[in-house]
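Number of protein chains: 4
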Amino acid sequence: MSKIKKIGVLTSGGDAPGMNAAIRAVVRAAIYNKLEVVGIMQGYEGLINGEIKKMKSHDVSNIIQRGGTILCSARSEEFRTVEGRKKAHEQMIANKIDALVVIGGDGTFSGARVFTQEYDIPVVGIPGTIDNDLFGTDYTIGYDTAINTVTEAVDKIRDTASAHNRLFFIEVMGRDAGFIALRSGIATGAEAILIPERETHTQELQTYLEKEYKEHKTSGIVIVAEGDKSGGAYTIAQEIGKDHPEYDIRVSILGHMQRGGSPSAFDRVTASTLGVAAVDALLDDQKSIMVGLVHGEVSHVSFNKAIKNKKKVKDSLLILNDILSI
Amino acid sequence: MSKIKKIGVLTSGGDAPGMNAAIRAVVRAAIYNKLEVVGIMQGYEGLINGEIKKMKSHDVSNIIQRGGTILCSARSEEFRTVEGRKKAHEQMIANKIDALVVIGGDGTFSGARVFTQEYDIPVVGIPGTIDNDLFGTDYTIGYDTAINTVTEAVDKIRDTASAHNRLFFIEVMGRDAGFIALRSGIATGAEAILIPERETHTQELQTYLEKEYKEHKTSGIVIVAEGDKSGGAYTIAQEIGKDHPEYDIRVSILGHMQRGGSPSAFDRVTASTLGVAAVDALLDDQKSIMVGLVHGEVSHVSFNKAIKNKKKVKDSLLILNDILSI
Amino acid sequence: MSKIKKIGVLTSGGDAPGMNAAIRAVVRAAIYNKLEVVGIMQGYEGLINGEIKKMKSHDVSNIIQRGGTILCSARSEEFRTVEGRKKAHEQMIANKIDALVVIGGDGTFSGARVFTQEYDIPVVGIPGTIDNDLFGTDYTIGYDTAINTVTEAVDKIRDTASAHNRLFFIEVMGRDAGFIALRSGIATGAEAILIPERETHTQELQTYLEKEYKEHKTSGIVIVAEGDKSGGAYTIAQEIGKDHPEYDIRVSILGHMQRGGSPSAFDRVTASTLGVAAVDALLDDQKSIMVGLVHGEVSHVSFNKAIKNKKKVKDSLLILNDILSI
Amino acid sequence: MSKIKKIGVLTSGGDAPGMNAAIRAVVRAAIYNKLEVVGIMQGYEGLINGEIKKMKSHDVSNIIQRGGTILCSARSEEFRTVEGRKKAHEQMIANKIDALVVIGGDGTFSGARVFTQEYDIPVVGIPGTIDNDLFGTDYTIGYDTAINTVTEAVDKIRDTASAHNRLFFIEVMGRDAGFIALRSGIATGAEAILIPERETHTQELQTYLEKEYKEHKTSGIVIVAEGDKSGGAYTIAQEIGKDHPEYDIRVSILGHMQRGGSPSAFDRVTASTLGVAAVDALLDDQKSIMVGLVHGEVSHVSFNKAIKNKKKVKDSLLILNDILSI
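Chains as they are written, first to last, in UniProt numbering: chain H, 1 to 326; chain V, 1 to 326; chain U, 1 to 326; chain C, 1 to 326.
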């Protein structure tokens with residue numbers, strides 16, 4: 001039987017819709033399993049500073065639908081230092097916390113991995129980031145919501161683009177990965193999608209635009225991943241516009257609204273599943289792993305692998321868009 | 001090389017959000033592959049009556065985001081008869097249509113199966129129904145949107161339930177399956193979920209409500225699948241209310257709004273993927289099959305199996321809700 | 001100078017989106033004017049029972065966008081009795097509350113009026129109800145949100161109605177008034193709108209449907225106010241369907257989702273304006289009045305008039321729909 | 001009796017949500033009054049080029065809920081010339097169009113005014129712009145929708161701002177007017193609102209932020225109108241950030257999504273009302289006027305006045321926000 005009596009849960013790094021649903025699931029799964037559970041504010045920073053509070057079932061009532069995170073999030077410079085982590089460990093002892101569930105991205109898991117090596121403390125991670133750039137899970141919490149947010153915004157832009165026969169370059173988030181751009185591009189019927197995983201030949205885009213946009217289309221949408229090597233929506237728009245002053249070009253950077261909002265049903269179910277799975281993993285004597293969803297089933301991957309490996313975008317989706325944008 | 005030169009596409013049975021995205025994908029994938037493509041109005045009824053029109057790329061512009069189906073849908077009694085299908089076949093010959101893509105549910109595929117047996121015509125099906133009750137695919141087109149629609153509606157009801165400390169019984173669609181109820185129940189943090197796949201012991205629900213709702217909760221949501229054996233939300237609400245006049249009970253039947261609305265990003269990507277996959281399957285000499293998504297990859301299942309087998313709800317989700325509703 | 005040092009705020013009766021925005025405005029306007037302010041839970045019930053808590057600026061942070069009411073609401077039988085109001089008055093003295101702001105509908109204001117007569121206590125009302133049925137204000141808080149909720153739901157139903165060429169009877173809230181039905185009917189392009197303020201001749205509707213729906217329309221939407229004398233959507237649908245078995249008729253009762261949801265921008269601005277206006281009115285020595293918006297400006301109307309007079313629906317809107325539904 | 005037998009309708013300038021609802025109302029009101037009606041594509045450009053098509057009732061079915069404009073819009077350089085307007089007039093004669101309804105903003109009305117002076121043709125304008133910057137109407141079509149779009153986007157940003165205790169500068173549209181910024185700022189509970197109509201003292205903002213944001217607030221939102229004299233969100237953010245490197249500042253430019261989307265119920269009702277009113281005005285022998293809504297009633301204002309006068313923002317709303325942001 002597991003010796004864990006009390007667990008702590010925190011959110012760290014960039015926030016993502018569905019983090020609250022995950023917190024709720026961790027808290028209730030802990031209580032269901034007769035564990036005590038505390039919430040740690042501000043990520044690792046709050047662990048170091050002892051911003052810790054007992055969580056009961058009622059404390060997570062009516063939060064499943066809320067964006068953001070009730071535990072707040074922060075990036076902690078101090079936790080990167082040996083002393084920082086020492087303080088964190090002292091707080092865990094002082095508060096009798098036996099194990100941690102950390103919700104975040106690869107930065108969060110890197111910190112967790114070092115911590116668990118130094119102090120032999122069980123830590124289980126839950127993938128929470130809109131970017132979907134984590135190896136070991138098909139979906140990260142927040143990704144589906146972000147895609148829907150982008151899709152709704154681009155639908156709106158399509159209205160005005162069509163009314164004026166305009167060509168829009170729309171930049172979406174995703175750090176150095178193209179997951180958001182790719183799926184939202186397909187979902188919005190984008191004429192082209194520029195992602196870091198595929199080299200952007202401006203010349204090809206030019207040819208495509210001349211062939212399709214000028215001849216057939218009443219509006220054009222090019223989705224640009226923020227990490228695309230072309231340098232972002234403004235740069236590529238300028239380059240295209242230079243050669244084609246006859247295009248009526250506009251640029252839109254969707255920005256931080258992609259990080260917020262009430263989570264989609266999909267993200268809530270994923271977050272609920274993974275929150276329970278994280279507590280299960282701790283009770284199952286796991287440590288230094290991330291729980292994920294692979295082919296619809298809960299899976300475990302070591303922090304080490306989750307951090308080191310790069311998740312690939314689906315080539316089939318890239319091909320799909322080439323077909324659909326004719 | 002395939003001898004198919006011209007394909008027809010139709011939507012049949014209950015409509016579902018994302019059908020337009022699927023039509024768009026079929027049309028463009030056909031054109032991409034140098035095929036001619038026609039749209040058939042009103043499902044099989046329109047095939048019998050020759051309501052057929054040529055589709056070009058532009059005809060499916062700007063429809064990916066629209067609910068409903070631009071080809072309209074209908075249930076055809078005539079297609080169930082030998083003569084009806086004879087007329088349909090004659091129309092196909094007259095219009096030089098070599099193969100069909102049919103978008104719909106099991107009724108649609110049953111008709112297609114008989115038709116393909118009688119006339120040796122290649123027909124490929126795309127699963128389009130909000131109910132998700134088709135064997136051979138993890139997701140049907142429209143399911144994710146319906147769950148989001150339910151989730152948003154229940155979020156609204158939760159607001160007023162909390163303000164008044166009320167207990168709501170909310171009935172959702174799904175025919176004789178509990179897929180919509182189960183996932184939307186988890187997504188909305190429902191206190192209980194009643195689905196046909198699990199026997200509903202009113203007594204158990206009573207006990208749960210007395211233990212949880214009365215003691216801890218500031219509001220209560222019970223999601224009831226329309227096919228649940230308890231007889232629907234009104235019946236079960238009455239039964240519970242009879243024994244507990246002190247509960248402030250309300251009932252809401254969400255109804256047909258679950259069938260409409262702009263499709264979610266997830267459904268649009270699924271519909272786009274399956275539309276292209278259906279044309280690929282035809283070019284690959286497939287017939288009498290449904291294309292689906294299994295573990296994120298395109299799969300084929302015979303109409304026969306898709307119709308005969310019953311898709312199971314995930315037990316893990318049932319257990320999940322028991323944990324999360326404490 | 002006003003002798004008011006401390007005010008209490010409560011929400012009572014059916015909740016409405018925007019009540020939280022109004023609470024926020026009352027609390028902050030009070031603090032801005034150097035008053036103390038307390039929140040009273042559960043309406044008059046909480047006043048009687050002393051469920052009272054001090055409110056600071058931070059307590060109303062981040063609630064402007066939330067549906068429901070953080071103070072909860074209830075109907076209080078006890079407050080209708082002399083003893084109930086006596087207890088309420090004693091609580092006010094014990095808690096040193098000099099005046100009240102009550103947010104609700106005519107039931108709320110009726111109670112307030114008696115209370116202020118018996119104890120000479122300044123009470124100012126804010127109109128909070130989705131029904132818009134209060135004399136003395138052009139808009140009540142929650143009305144615009146409810147109309148948008150209905151409009152979005154009917155848009156979804158229109159999708160599926162068009163796909164199947166169906167005739168829908170959709171019942172909306174509004175108690176014995178037709179405000180919600182009328183504006184949402186126009187906003188959704190309804191083929192007909194049935195409201196209590198206009199007699200419903202089933203025969204006329206029949207004629208209209210035969211002339212328009214059968215001949216020209218690909219779908220039909222009839223919006224029915226819950227208070228309509230025809231007896232509601234089910235009754236009227238049955239009556240029409242009896243004579244016209246060839247119509248493909250469906251009924252949808254939108255229900256309690258109309259009471260919840262994040263308030264629209266319009267409702268938030270109205271609630272913010274009226275919340276500040278209510279505190280201003282108290283400081284201006286007003287009592288027994290409701291603040292409202294008339295022609296975009298803050299106005300005052302006595303509780304007496306607000307309760308007794310009946311607000312009329314705009315005839316111009318009735319005529320408008322006759323023109324637009326051709 | 002009016003000698004008008006046939007009218008034309010066009011949309012011009014920047015598009016706005018609700019333009020389709022206005023087109024629908026114009027077309028149906030014309031038919032209701034036994035007039036013929038044609039749609040003119042691409043604004044004045046299409047009038048010059050004869051892009052004109054007959055409109056029947058069915059042509060405007062199911063468009064009330066769509067963003068953009070089915071008639072498309074454009075800015076026409078040629079219509080600014082004498083020859084351009086001559087061609088337009090010739091087209092009107094050739095097509096037997098007796099009068100025009102033009103939907104747009106002040107540029108649209110300026111063109112209309114000159115045209116009606118030169119050729120004595122009745123032209124009635126409908127105010128369609130998200131900016132609400134037209135004198136003679138309380139609301140322009142698209143304004144309410146744009147505010148709701150901004151409000152939903154800022155709600156999302158608030159989620160992530162709160163999770164990270166960040167200060168956001170969010171730039172919204174409105175050309176040289178602050179209407180969108182002001183109402184959406186109040187609706188989102190913005191900590192500060194910068195609009196062209198009020199001088200922005202960076203120093204004051206600094207003081208406010210130091211007093212409020214640093215001491216009390218868990219997040220900060222500053223709404224900046226694009227026309228604000230401070231130079232836009234980036235400039236002001238940089239200025240504030242220079243002095244306060246300790247603030248965690250982010251900038252978001254909401255961009256063109258503000259111009260699209262399904263119109264709000266309010267905009268649909270306004271558009272429907274004004275569409276009918278425009279046809280009524282023509283039948284009433286009006287010319288060279290804009291129809292508007294003042295205090296909820298239809299009003300007429302000459303193009304001359306609508307163009308020359310500047311609509312003022314409500315001072316009461318400015319004061320309101322100072323109170324509510326404490």
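C-beta atoms are modelled at their ideal positions from N, C-alpha and C, and glycine is treated no differently.
- Using a Cβ distance threshold of 8 angstroms, residue 38 of chain U and residue 97 of chain U count as a contacting pair.
- Proximity of chain V to residue 198 of chain H at the Cβ level (cut-off 8 angstroms) is not reached, the minimal Cβ distance being about 18 angstroms.
- In summary, the residues of the region 193 to 218 of chain U whose CB is separated from some CB of chain C by less than 8 angstroms are 216, 217, 218, in the order they occur in the chain.
- Secondary structure at residue 173 of chain U: coil, using DSSP grouped into helix, strand and coil.
- DSSP places residue 152 of chain V in the helix class (H, G or I) of the three-state scheme.
- If you look at residue 186 of chain C, you'll find it in the alpha helix (DSSP H) that goes 179 to 187.
- For residue 234 of chain V, there are no C-beta contacts with chain H under 9 angstroms, since the nearest C-beta of that chain is about 25 angstroms from it.
- Among the residues facing chain U, residue 86 of chain V is not included, as its CB has no counterpart in that chain under 8 angstroms away.
- The alpha carbon of residue 102 of chain C has as its nearest neighbour, out of C:141, C:322, C:90, C:254, the alpha carbon of C:141.
- Residue burial is scored here from C-beta neighbours: residue 26 of chain U has at least 16 other C-beta atoms within 10 angstroms and is therefore classed as buried.
- Fewer than three pairs of CB atoms, one per stretch, sit closer than 8 angstroms, so the region 298 to 318 of chain H makes no contact with the region 108 to 117 of chain V.
- In the structure shown, the three-state DSSP call for residue 300 of chain H is strand.
- Distance from the CA atom of residue 92 of chain H to the CA atom of residue 251 of chain U, rounded to whole angstroms, is 58 angstroms.
- Take the alpha-carbon of residue 12 of chain V and the one of residue 71 of chain V: they are about 9 angstroms apart.
- Here residue 252 of chain V carries a strand assignment [DSSP, helix/strand/coil].
- Under a criterion of Cβ atoms nearer than 7 angstroms, the residues of chain U adjacent to residue 269 of chain C are, in order, 183, 186, 187.
- A direct Cα-Cα distance of roughly 13 angstroms separates residue 163 of chain V from residue 104 of chain U.
- For the C-beta of residue 32 of chain V, the chain H residues within less than 9 angstroms are, from N- to C-terminus, 322, 323, 324, 326.
- Between the region 218 to 235 of chain V and the region 276 to 286 of chain H, the count of C-beta pairs closer than 8 angstroms stays below three; the two stretches do not touch.
- Using a 10 angstroms sphere on the CB of residue 267 of chain U, the tally of other CB atoms reaches 16 or more, which defines it as buried.
- Taking the Cβ atoms as the reference, residue 73 of chain H lies roughly 5 angstroms from residue 15 of chain H, within the contact range of under 8 angstroms.
- In the DSSP annotation of this structure, the continuous segment of the beta strand (DSSP E) that includes residue 11 of chain U starts and ends at 6 to 11.
- Taking all protein chains in view, the Cβ of residue 215 of chain H is surrounded by fewer than 16 other Cβ atoms within 10 Å, so the residue is classified as exposed.
- Counting the other CB atoms within 10 Å of its CB gives residue 42 of chain H a total of 16 or more, which places it among the buried residues.
- Along the region 260 to 284 of chain H, the positions whose C-beta sits under 8 angstroms from a C-beta of chain V are 262, 264, 265, 266, 268, 269, 272, 273, 276, read in chain order.
- For residue 25 of chain U, the closest Cβ of chain C is nearer than 8 angstroms.
- Residue 313 of chain V sits in coil when the DSSP states are folded into three classes, being neither helix nor strand.
- Taking the CA atoms as reference points, residue 135 of chain H sits about 53 angstroms from residue 10 of chain C.
- Unbroken beta strand (DSSP E) runs of no fewer than 3 residues, entirely contained in the region 224 to 283 of chain V, are found at 249 to 253, following chain order.
- With contacts defined as CB atoms closer than 8 angstroms, residue 262 of chain H and residue 66 of chain H qualify as a contacting pair.
- Just so you know, the alpha carbons of residue 322 of chain C and residue 126 of chain U end up roughly 21 angstroms apart.
- Looking only at U:222, U:210, U:155, the smallest Cα-Cα distance to residue 194 of chain U is reached by U:222.
- The DSSP-derived three-state label of residue 191 of chain U is coil.
- Using beta-carbon distances, residue 121 of chain C does not count as an interface residue toward chain H, since no partner is under 8 angstroms.
- Burial check for residue 256 of chain C: the Cβ neighbour count within 10 Å reaches 16 or more, so the residue is buried.
- Runs of alpha helix (DSSP H) with 4 or more residues, each lying fully within the region 67 to 112 of chain V, are found at 82 to 94, listed in chain order.
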